[in-house]
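Asker: Residue numbers 1 to 97, in my numbering, belong to the letters of the sequence shown in order.
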Amino acid sequence: MEAIKKVEIVTNSLELPKVLDILEKIGVSGYTVIEDVTGKGDRGRVFNDLETHTLTNGYIMSVCTQAQEQELVTEIEPILKKFGGVCIVSDAKWIAH
């Protein structure tokens, strides 16, 4: 197994393309996106019962190397400060296939 960093990002759905561009830019090889996630954070509750997609959140899960971690966090931070959300980075192990 290989030591990696697991990255979980929740942000405004309108910002998902920017976040995915950041992942591509730093060389992250893959990701999973779940749209219309709900929950509660420092900006209140987010519901998925709206007619428009613009006020919903999306969830991105990916992995990166330790070398990519700091660049990813630096690039994501301005988006989170402006639009809210969260970025969680944790240690993980990858089973190479």
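Beta carbons are placed, not taken as given, at the ideal position from N, Cα and C, and that holds for glycine.
#1: Given a cut-off of 8 Å, decide if residue 76 and residue 10 are closer than it, judged by their beta-carbon atoms.
#2: Taking 8 Å as the cut-off, decide whether the C-beta atoms of residue 16 and residue 85 are in contact.
#3: Start and end of the beta strand (DSSP E) containing residue 28?
#4: Can you give me the C-alpha to C-alpha distance between residue 99 and residue 61, rounded to a whole angstrom?
#5: When DSSP builds the beta bridges, which residues end up paired with residue 11?
Answerer: Reading from the atomic positions:
#1: no
#2: no
#3: First-last for residue 28: undefined, no H or E at that position.
#4: With the chain covering only 1 through 97, there is no way to say anything about residue 99.
#5: 58
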